[in-house]
Each structure stands twice: as structure tokens, then as C-alpha cells.
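Just so you know, the sequence shown maps onto residues 6 to 118 in this note's numbering. Even glycine gets a Cβ: it sits at the ideal position worked out from N, Cα and C. Since the structure is predicted, the reported quantities are computational estimates derived from the model, not experimental observations. Working notes for the structure below.
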Amino acid sequence: MFKEIGQLASLMRQLPKIKEEAEQFQAKLSQIHADGAAGGDMVKVRVNGRMEIASVSISESAWALQDREMLEELIASAANQALGKARELVNAEMQTMAQNLGLPPGAGLPGLT
């Protein structure tokens, strides 16, 4: 029981540093980018670390097919791929931040993403 109290006290002393790291992390999210593609690169989607779509690119060959349903599927697939990659990048960045703070692996810091 005393060990847990000591860990909690140590964490409380680190609150200013944790707050600073969290603010830096939030700022860094917009700088993280991940790309997804579908249909042999006919559709490309880029998202940022805030899970916002930054851009969508549709090739001329995709437009030429004039297949709305297929194009919708390609956009969704490319977006989901990009979002998955972005989640991985954000999680890796979060783990680095947690290590810098001396937190145990897998320690989630709520409100960061």
C-alpha cells in the first residue's frame, strides 16, 4: 500500500512536467501525417494526428471509370488505411512521451488524443 502511495506522490510532483508534455503532444498531433491509398493509387488520402482528413487525391483514371460506387469504396478504403497508420504513429508518440515522463508502458494519459 505504501508503495502505491509513493508512486502517486511521485506522479503528483510531476504534474507540471506532465502538463507541459501533454501540451507539446497536442501541438505535435497536427504535424503527424499518414497516407493511405486504394485501387493501385487511384485514390490517396492524407490524415493528420488529430484524425482529420488533410487531403484526398483522385487520379484521372479513377474519374474516367465513372463508377461512383467503386470510387466511394476506394475513398473509404484509403481513408481507413490512413487513419490506421495515423493511430499507430500517435500511439508510438504517446509511448515515447510516457517513457520520457517515467510512466510504465501502456500507461494511458486521458485527454491526449
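Item, Value
"Starting from glycine 41, follow the beta strand (DSSP E) in both directions and report where the run begins and ends.", "38-43"
"Are the Cβ atoms of glycine 54 and alanine 91 separated by less than 7 Å?", "yes"
"Nearest-angstrom Cα distance between lysine 24 and leucine 79?", "40 Å"
"Once you ignore the five residues that flank histidine 38 on each side, which residues in its own chain have a CB closer than 8 Å to its CB?", "Arg51, Val52, Asn53, Gly54, Ala59 and Ala91"
"Glycine 45 to glutamine 100, Cα distance in whole Å?", "33 Å"
"Quick check: the Cα distance between alanine 43 and methionine 17, rounded to an integer number of angstroms?", "47 Å"
"How would you label glycine 89, buried or exposed, when you count the other beta carbons within 10 angstroms and need 16 or more for buried?", "exposed"
"Is the beta carbon of glycine 41 sitting closer than 7 Å to the one on alanine 87?", "yes"
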